[in-house]
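Quick mapping for you: the protein sequence lines, in order, are chains A and B. Going by this note's numbering, the letters in the first sequence line up with residues 1002 to 1116, in that order. Going by this note's numbering, the letters in the second sequence line up with residues 94 to 210, in that order.
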Amino acid sequence: DTGVSQDPRHKITKRGQNVTFRCDPISEHNRLYWYRQTLGQGPEFLTYFQNEAQLEKSRLLSDRFSAERPKGSFSTLEIQRTEQGDSAMYLCASSLGWQDNQPQHFGDGTRLSIL
Amino acid sequence: AQTVTQSQPEMSVQEAETVTLSCTYDTSESDYYLFWYKQPPSRQMILVIRQEAYKQQNATENRFSVNFQKAAKSFSLKISDSQLGDAAMYFCAYRRHSGGGADGLTFGKGTHLIIQP
């Protein structure tokens, strides 16, 4: 078990640029989640996948955000035309979905800073 | 919508003593899960303990235990024999039964736990 891996750890970009983050879940986990955490707050749910299917999207996920999980393995989260308010830690988590009580395991996160 | 409230932004405890972190939640669901996660500074979120709402027995994991009061919608975390390594942000989280749809966790704002040596 190598844990949930996220890349990059830090991303600094100018307002208006596009950014893409990657998440590699624990290998046997079929569920994958994205959260956003701003300073001093708890994580907020953005979206989740079961295998390759995106089953739920939060209202926080504006049209500028898109997430994919091709082949049900790694996932990418893309933010287009970044804004100052997008500055946050983006957390990925994965879980075994076959049993409902399985907890989510989190990665280290990608910290996004918008200049 | 479900909400999770942690009313203590910060708590401080002497090493080796016991501390209790509070959490209340609001839901209309009868079947759900509750979790406490620990987030050390600049490190990943780690699951501390979980409770299934249909179980009346309070969960226990070594020095960590919960007091789950379903009717009061309260889910407090007790840390016994506090250690320096327990210092972190602690988040209470709720997840409804996946048969109901959304599977994302709803988190509280967190409690910053300080351990005094």
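Ideal Cβ positions, reconstructed from N, Cα and C, are used throughout, including at glycine.
| request: Identify the contact partners of ASN1102 of chain A in chain B, using a Cβ-Cβ distance below 7 Å as the criterion. | output: Stepping through the first sequence from its first residue, residue 1102 of chain A is reached at position 101. Residues of chain B passing the Cβ test: TYR126 and GLU145.
| said: Cutting at 7 Å between CB atoms, please list the residues of its own chain near PRO133 of chain B, excluding the five before and the five after it. | reply: For this step, residue 133 of chain B is matched to residue 40 along the second sequence. Hits under 7 Å: ALA181.
| request: Please determine if the region 161 to 179 of chain B and the region 1078 to 1095 of chain A are in contact, where contact requires at least 3 C-beta pairs separated by less than 8 Å. | output: Here the region 161 to 179 of chain B makes no contact with the region 1078 to 1095 of chain A; the two share fewer than three CB pairs at distances below 8 Å.
| Looking only at its own chain, which residues have a Cβ that is under 7 Å from the Cβ of PHE168 of chain B, when we skip the five neighbours before and after it? | As a first step, residue 168 of chain B is located in the second sequence; it is residue number 75 there, counting from the start. Here the set comprises CYS116, TYR118, LEU127, GLN144, VAL159, PHE161 and CYS185.
| message | If we define contact as Cβ-Cβ less than 9 Å, is HIS1106 of chain A a contact residue for chain B? | response | Along the first sequence, read from residue 1 onward, the residue named residue 1106 of chain A stands at position 105. Taking Cβ atoms only, chain B reaches closer than 9 Å to HIS1106 of chain A, which makes this a yes.
| field | Chain-ordered chain A contacts of LYS202 of chain B [CB-CB under 7 Å] | value | Sequence index remark: in the second sequence, residue 202 of chain B carries index 109 (1-based). At a beta-carbon threshold of 7 Å, the residues of chain A lying near LYS202 of chain B are GLN1042 and GLY1043, ordered along the chain.
| said: Nearest by alpha-carbon distance to MET138 of chain B: which of A:GLY1043, A:THR1048 and A:ASN1102 is it? | reply: Within the second sequence, numbered from 1, the residue matching residue 138 of chain B stands at position 45. Of the candidates A:GLY1043, A:THR1048 and A:ASN1102, the one whose C-alpha sits nearest the C-alpha of MET138 of chain B is A:GLY1043.
| request: Locate the beta strand (DSSP E) running through ASP1008 of chain A, then write down its first and last residues. | output: Locating residue 1008 of chain A in the first sequence gives position 7, counting from the first residue. Its beta strand (DSSP E) spans residues 1006 to 1008.
| Should ALA1120 of chain A and SER1076 of chain A be called a contact, given that it needs their Cβ atoms to be closer than 9 Å? | Any property of residue 1120 of chain A remains undetermined from this structure, which presents chain A solely from 1002 to 1116.
| query | Any idea what DSSP makes of LEU177 of chain B, helix, strand or coil? | reply | As a first step, residue 177 of chain B must be located in the second sequence, where it is residue number 84. Looking at LEU177 of chain B - three-state DSSP - the assignment turns out to be helix.
| task | Assign ASP124 of chain B to one of three DSSP states: helix, strand, or coil. | result | As a working mapping, residue 124 of chain B is identified with position 31 in the second sequence. If DSSP states are grouped into helix, strand and coil, ASP124 of chain B belongs with coil.
| query | Any beta-carbon of chain B closer than 9 Å to the one on PHE1022 of chain A? | reply | Here residue 1022 of chain A refers to the residue found at position 21 of the first sequence. PHE1022 of chain A does not count as touching chain B.
| said: Determine, for VAL97 of chain B, whether the minimum Cβ-Cβ distance to residues of chain A falls below 9 Å. | reply: Position 4 of the second sequence holds residue 97 of chain B. It does; some Cβ of chain A falls within 9 Å.
| field | N- and C-terminal bounds of the beta strand (DSSP E) containing ALA1094 of chain A | value | Translated into positions along the first sequence, residue 1094 of chain A becomes position 93. 1089 to 1096 is the span of the beta strand (DSSP E), which, as asked, contains ALA1094 of chain A.
| In whole angstroms, what is the alpha-carbon distance linking VAL106 of chain B and SER135 of chain B? | Taking the first residue of the second sequence as 1, we reach residue 106 of chain B at position 13. Taking the first residue of the second sequence as 1, we reach residue 135 of chain B at position 42. Using only the alpha carbons, I get a separation of about 22 Å.
| said: Just to confirm the assignment, what range does the beta strand (DSSP E) spanning GLU1045 of chain A have? | reply: Looking up residue 1045 of chain A in the first sequence gives position 44. Element bounds for GLU1045 of chain A: 1045 to 1051.
| field | chain A contact for ALA181 of chain B (CB, 9 Å cutoff) | value | Indexing the second sequence from 1 puts residue 181 of chain B at position 88. No - not a single Cβ of chain A is within 9 Å of the one on ALA181 of chain B.
| message | Checking the sheet assignment: what are the DSSP bridge partners for ILE139 of chain B? | response | Stepping through the second sequence from its first residue, residue 139 of chain B is reached at position 46. BP columns for ILE139 of chain B point to B:LYS131.
| field | Three or more C-beta pairs below 8 Å linking the region 195 to 202 of chain B and the region 98 to 113 of chain B | value | yes
| Using the beta-carbon count (16 or more within 10 Å), is ASN1013 of chain A buried or exposed? | Working through the first sequence from its first residue, we reach residue 1013 of chain A at position 12. As written in the sequence, residue 1013 of chain A is Ile, which differs from the Asn given in the question. Its Cβ having fewer than 16 others within 10 Å, ILE1013 of chain A is exposed.
| request: Return the CA-CA distance between SER123 of chain B and GLN149 of chain B, expressed in angstroms with no decimal places. | output: Residue mapping note: residue 123 of chain B aligns to position 30 of the second sequence, counting from 1. Residue mapping note: residue 149 of chain B aligns to position 56 of the second sequence, counting from 1. Going from the Cα of SER123 of chain B to the Cα of GLN149 of chain B covers about 13 Å.
| message | If I measure Cβ to Cβ from LYS166 of chain B and keep anything under 6 Å in the same chain, skipping five residues before and after, which residues do I get? | response | Taking the first residue of the second sequence as position 1, residue 166 of chain B is located at position 73. Excluding positions up to five away in sequence, the list reads THR117 and TYR118.
| task | Please classify LYS1012 of chain A: does DSSP put it in a helix, a strand, or coil? | result | In the first sequence, residue 1012 of chain A corresponds to position 11, counting from 1. Three-state DSSP puts LYS1012 of chain A in a strand.
| Taking buried to mean at least 16 other C-beta atoms within 10 Å of its own C-beta, is THR111 of chain B buried or exposed? | Taking the first residue of the second sequence as position 1, residue 111 of chain B is located at position 18. That one is exposed.
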